[in-house]
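Chemist: The letter at position 78 of the sequence shown is residue 78 when you use this note's numbering, and the numbering goes up by one with no holes.
Cβ atoms here follow ideal geometry from the backbone N, Cα and C, with glycine treated the same way.
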Amino acid sequence: PDWFKSAFLGLREYVAEASGANQLVILYFYPDGCPYCAQLVNTNFAQRDIQQKTRQQFEVIAINMWGDREVVDLAGSNTTEKRFSVNNRVQYTPTLLFLNEKGKSIFRANGY
């Protein structure tokens, strides 16, 4: 959805912005053409109550697990979406990684 953010900015900045707005961050890992990712986005996140609650409480950052776009990771290092996904052991999609206000992983959902 258009309300998902891209990982072009540094992830630390996204975490800080979300924290300032009393929100947490969800990293949404996907590959292009993933039918389960489409199901999550087009069915679940299309429901008004789920979308509203998610948008109120979280910033969602979309990361293409096979992508070559640059990401500044939580340590401040430059990497690619692909390398960042490998470093976070993403094997199933969609993977949702919930981060607290300090950027630490607090929950992980692997697959639909």
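Which of the three DSSP states, helix, strand or coil, is assigned to Y92?
Modeler: Coil at Y92, not helix or strand.
Chemist: So, does the CB of Q23 fall closer than 8 angstroms to a CB anywhere in chain D?
Modeler: Here chain D cannot be found, since the structure has a single protein chain.
Chemist: Tell me whether the beta-carbon of A18 lies closer than 8 angstroms to the beta-carbon of E59.
Modeler: Contact flag set, yes.
Chemist: To the nearest angstrom, report how far apart Q56 and D49 are at their CA atoms.
Modeler: Approximately 11 angstroms, taken between the alpha carbons.
Chemist: When you compare the region 23 to 41 with the region 95 to 103, are there three or more beta-carbon pairs, one atom per stretch, that lie closer than 8 angstroms?
Modeler: Yes, since at least three Cβ pairs between the region 23 to 41 and the region 95 to 103 fall closer than 8 angstroms, the two stretches touch.
Chemist: Among the residues of its own chain, which have a CB less than 6 angstroms from the CB of F4, if the five just before and after it don't count?
Modeler: Here the set comprises V60 and A62.
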